[in-house]
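S.K.: Handing you a structure now.
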Amino acid sequence: KKLKNVDAEQVITDLFLKINNLIQIDKKNHDLINESSLENKQFMQKLSERFPSLTNNELKFCVYYKLDFSSKEISLLENITEGSARVYKTKIKTKMNIGKESILNTYLKSI
């Protein structure tokens, strides 16, 4: 029984931490999106014109990366794995012809 109680306590603790992380990310997301909604739309339009091969999802991810969201934060927001968020980042860099050594966030902020 002790083992089951410890497992249950660990599950509850893990859930609490995940919920708390989601709440913090949601607050950050809400504040940033409200502050820069028009700016983000204009940014996505610029990107779309310069890089027409980017999909709508990739454009959205570019906004996240420009706002300095981590792959973990993006994965929680989009309900995908952290690995999938990193794959998106790699695909975006490839479509934009950005070298592996370049930092996507910095590049996006310069646009």
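So the sequence shown is numbered by full-length UniProt numbering: it starts at 1 and just counts up by one. Every residue, glycine too, gets a C-beta built ideally from N, C-alpha and C.
What is the residue span of the alpha helix (DSSP H) that T55 lies within?
M.R.: Run containing T55: none; DSSP gives neither H nor E here.
S.K.: Quick one: grab the DSSP three-state call for M96.
M.R.: Residue state, collapsed to three classes: coil.
S.K.: Check this for me: beta carbons of I111 and E58, under 8 Å apart or not?
M.R.: Against a cut-off of 8 Å, the Cβ pair of E58 and I111 comes out as no contact.
S.K.: Check whether the Cβ atoms of F61 and I80 lie closer than 8 Å to each other.
M.R.: Not closer than 8 Å, so no.
S.K.: So, V63 versus N40, is the Cβ gap smaller than 8 Å?
M.R.: A contact, by the Cβ cut-off of 8 Å.
S.K.: What is the C-beta distance between N21 and L76, in whole angstroms, given that I count them as a contact (C-beta under 8 Å)?
M.R.: Between L76 and N21 the Cβ distance is about 7 Å, and since that is below 8 Å, they are a contact.
S.K.: Among D7, L15, D26, Y107, which one has its Cα closest to the Cα of E78?
M.R.: Here the closest residue by C-alpha is D26.
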